[in-house]
Amino acid sequence: MNKQELEDFLKGAGESFRPLTEEGWTFEALGVPIQAYVNVAKDRMRVMAAVSLVENVPAEQALHLLRSGFHSDARYGIYGETLFAVFVHALSSLCESDLRVGLRQVTELAQSFGTDYSRAPMRFQWPRPSPEEAQRGGVRRRTEDAVRKSVESLRRRQERMD
Numbered sequence: 008m009n010k011q012e013l014e015d016f017l018k019g020a021g022e023s024f025r026p027l028t029e030e031g032w033t034f035e036a037l038g039v040p041i042q043a044y045v046n047v048a049k050d051r052m053r054v055m056a057a058v059s060l061v062e063n064v065p066a067e068q069a070l071h072l073l074r075s076g077f078h079s080d081a082r083y084g085i086y087g088e089t090l091f092a093v094f095v096h097a098l099s100s101l102c103e104s105d106l107r108v109g110l111r112q113v114t115e116l117a118q119s120f121g122t123d124y125s126r127a128p129m130r131f132q133w134p135r136p137s138p139e140e141a142q143r144g145g146v147r148r149r150t151e152d153a154v155r156k157s158v159e160s161l162r163r164r165q166e167r168m169d
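Residue numbers (my numbering): 8 to 169.
Listed below in structure tokens is the structure:
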């Protein structure tokens, strides 16, 4: 796909299409405000939807945000102070079907934020701790333990390298 083909596809993909810059456009798809950008020189394109200000996202949601993007082409990402649902692809190898899937996944991630953080059909429900886990601190404690172990492992590796 090239820049003109991308623009032509996006014009028909939603409502209220308009240019933002020489390399960007905005429109609404399935009720979700979308921005799309292209960098021809770097052979990249991205379709994204603002989801939330980062300051409004509790830290314990980070694990769910990471899990939700593991099996899909679209995922959550942070740019500046904003959390986005984003699909990034090489422009030259992008085909219409991949773009259609990526755009659909972005809209589904934006719509499902705060509930199941998913694009259909895969679902990543907010885990409910078992009664034993709840007594030990639940999901937050489990996440903190995993992070602490990772940090300790990285520290040991660094010490061996020094």
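Backbone N, C-alpha and C define an ideal beta-carbon position, used for all residues, glycine too.
Express the C-alpha separation of Cys102 and Glu12 in angstroms, rounding to a whole number.
-> To locate residue 12, count along the sequence shown from 1; it is residue 5. To locate residue 102, count along the sequence shown from 1; it is residue 95. Cα to Cα, Glu12 sits roughly 10 Å from Cys102.
Around the C-beta of Gly109, are 16 or more other C-beta atoms found within 10 angstroms, so that it is buried, or is it exposed?
-> Within the sequence shown, numbered from 1, the residue matching residue 109 stands at position 102. Burial call: buried.
Counting Cβ pairs closer than 8 Å, one from the segment 81-93 and one from the segment 51-61, do we hit at least three?
-> yes
Who are the Cβ neighbours of Glu14 in its own chain at under 7 Å, not counting the five residues just before and after it?
-> In the sequence shown, the residue the question calls residue 14 occupies position 7. So the list reads Trp32, once near-sequence residues are dropped.
Out of Leu72, Ala43 and Lys49, which has the shortest C-alpha to C-alpha gap to Gly21?
-> For the purposes of this step, residue 21 is taken as residue 14 along the sequence shown, with counting starting at 1. Taking the Cα of Gly21 as reference, the smallest distance to any Cα among Leu72, Ala43 and Lys49 is reached at Ala43.
Apart from the five residues just before and just after Asn241, which ones in its own chain have a Cβ nearer than 7 Å to its Cβ?
-> Because the chain is modelled from 8 through 169, residue 241 falls outside the range shown and cannot be assessed.
State buried or exposed for Ala92, treating a residue as buried only when at least 16 other CB atoms are found within 10 Å of its CB.
-> Here residue 92 refers to the residue found at position 85 when the sequence shown is read from its first residue. It is buried - the Cβ of Ala92 has at least 16 other Cβ atoms within 10 Å.
For Gln165 and Val39, the rounded distance between their alpha carbons | Numbered from its first residue, the sequence shown carries residue 39 at position 32. Numbered from its first residue, the sequence shown carries residue 165 at position 158. When rounded, the distance between both Cα atoms is 44 Å.
Ala127, buried or exposed, once every other Cβ within 10 Å from all chains shown has been counted against 16 = Translated into the one-based positions of the sequence shown, residue 127 becomes position 120. Here the model assigns Ala127 a pLDDT of 44, short of 50, so the residue's position is not dependable and the matter cannot be decided.
Taking Cβ to Cβ, would you say Val113 is nearer than 7 Å to Leu90?
-> Along the sequence shown, read from residue 1 onward, the residue named residue 113 stands at position 106. Along the sequence shown, read from residue 1 onward, the residue named residue 90 stands at position 83. No, Cβ-Cβ distance for Val113 and Leu90 is not below 7 Å.
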